[in-house]
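Take the sequence shown: its position 39, counting from 1, is numbered 131 in my numbering, and each next residue is one higher.
Idealized CB from N, CA, C, for every residue including glycine.
Since this is a predicted model, take the numbers as computed values, not measurements.
Taking it in order: structure first as structure tokens, then the write-up.
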Amino acid sequence: MIWYGVLGLIFFISIIGGCVSGIMLILFRIELHTVTKRKPKKKKNIARWEKRLKPIRLKVNYMKYLFLTSLASVITLFLILWIFTIQLQVTNQLPDLELRSEQQAEK
């Protein structure tokens, strides 16, 4: 049963990580869009502009990787917890909440 709680905690942390990385991905993409819109016309400034563009592209790629990884872990953990819950209910190790509430209502 302790694994059930640990998996639930990891599931919750993955959801939070996915939300944070998704928000950061949106912000970095907005920054990348504004920087690419302001491409300089002089050849001297293009090199500086490209140097400024590289770290932003790396940040976008990194956040995309984090977002997809956390999304995949959330989906995987959801399926594992769902299967584990079904298995516990079939073996009667996890009592049904409906039966418990009916028993309390009868008392």
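> Touching or not, the region 165-181 and the region 120-127, by the rule of three or more beta carbon pairs under 8 angstroms?
Replying inline: Flag = no, the region 165-181 and the region 120-127 do not touch.
>> Our contact map puts Ile138 next to Pro147 with C-beta atoms below 8 angstroms; I'd like the distance itself, whole angstroms only.
In response: About 17 angstroms separates the two Cβ atoms, so there is no contact after all.
>> Comparing C-alpha positions only, which one of Thr168, Ile167 and Leu160 sits nearest to Met116?
In response: Answer by Cα proximity: Leu160.
> If you compare alpha carbons, which of Ile107, Lys143, Ala164 and Trp174 is closest to Val127?
Replying inline: Comparing Cα positions, the closest option is Lys143.
>> Within a Cβ cutoff of 7 angstroms, which residues of the same chain sit near Gly151, ignoring the five residues on either side of it in sequence?
In response: Gly is not the amino acid found at residue 151; the sequence shown has Lys there. Closer than 7 angstroms at Cβ, skipping near neighbours: Phe120.
> Can you tell me whether Gly110 is buried or exposed, with buried defined as 16 or more other CB within 10 angstroms of its CB?
Replying inline: Result: buried.
>> What does the alpha-carbon distance come out to for the pair Leu145 and Lys134?
In response: Looking at the two C-alpha atoms, the distance is approximately 16 angstroms.
> First and last residue of the alpha helix (DSSP H) that includes Thr183?
Replying inline: From DSSP, Thr183 is part of no alpha helix (DSSP H); its letter is neither H nor E.
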